[in-house]
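Numbering (our numbering), first residue to last: 31 to 237.
Where is the CB? At the ideal position from N, CA and C, for every residue including glycine.
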């Protein structure tokens, strides 16, 4: 939900995306460009990723958005999202990316999906969900935060080569395809990111 009773609105112009994830960059750029926003990523600007030390998606998104905004002097948008499995008590959750970390650096999501499946397989409950927190930050420290979720089930082995991260092992409610199999337009219509973005757009983007 917004961090203030009267959300601050963005003017059309440059908006920094506080992410080095190219999949997120593509999805967020597709969402914001119709509102007259020009997306530039922190990766393109050579800015490092700050440590994500909070225990919530909104908390970590706020850290990233504030670091990007203060580092560039521009409004910044950060996304913190993750995959949760009921049988694992909501894990990997805010540690979604950590589960894919390799000892020598980089991330292997095929390995991470196999780990999730191995730990969750003994349980009958296959409920899973994705969460997305979006936070807008301004150089003066003001922030606005929004959160969206999409529920469904996990499957293994992974299916599909579209999307990114854990998409190939998640089937949203009412669908038969995984996010990894879905046409991107179909995914964007129902995804956790789209739901969070709809709240953000209504509150903060140019009308």
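Per-residue burial, residue i [other beta carbons within 10 Å of its own, 16 or more giving buried]
i: residue 110; result: buried
i: residue 56; result: exposed
i: residue 67; result: buried
i: residue 198; result: buried
i: residue 51; result: buried
i: residue 188; result: buried
i: residue 78; result: exposed
i: residue 74; result: exposed
i: residue 31; result: Residue placement at residue 31 cannot be trusted, given a pLDDT of 41 that sits under 50; the coordinates are not used to answer.
i: residue 125; result: exposed
Separation of residue j from residue i, as counted between CA atoms
i: residue 213; j: residue 164; result: 23 Å
i: residue 41; j: residue 180; result: 29 Å
i: residue 194; j: residue 235; result: 26 Å
i: residue 108; j: residue 178; result: 14 Å
i: residue 129; j: residue 137; result: 8 Å
i: residue 127; j: residue 58; result: 18 Å
i: residue 36; j: residue 174; result: 10 Å
i: residue 96; j: residue 167; result: 6 Å
i: residue 90; j: residue 83; result: 7 Å
i: residue 6; j: residue 233; result: The structure shown does not extend to residue 6, since the chain spans only 31 to 237, so no value can be given for it.
i: residue 131; j: residue 171; result: 31 Å
i: residue 230; j: residue 146; result: 31 Å
i: residue 225; j: residue 135; result: 32 Å
CB contact flag (residue i, residue j, <8 Å)
i: residue 215; j: residue 201; result: no
i: residue 113; j: residue 176; result: no
i: residue 162; j: residue 222; result: yes
i: residue 157; j: residue 191; result: no
i: residue 86; j: residue 71; result: no
i: residue 227; j: residue 88; result: no
i: residue 143; j: residue 196; result: yes
Identity of the residues DSSP links to residue i by a beta bridge
i: residue 114; result: 122, 159
i: residue 47; result: 71, 107
Between the segment 111 to 126 and the segment 146 to 155, do at least 3 Cβ pairs fall closer than 8 Å?
-> Under the Cβ criterion (8 Å, minimum of three pairs), the segment 111 to 126 counts as touching the segment 146 to 155.
Spell out a yes or no on whether the segment 36 to 52 and the segment 95 to 106 are touching, meaning 3 or more CB-CB pairs, one atom from each, closer than 8 Å.
-> Yes, they touch.
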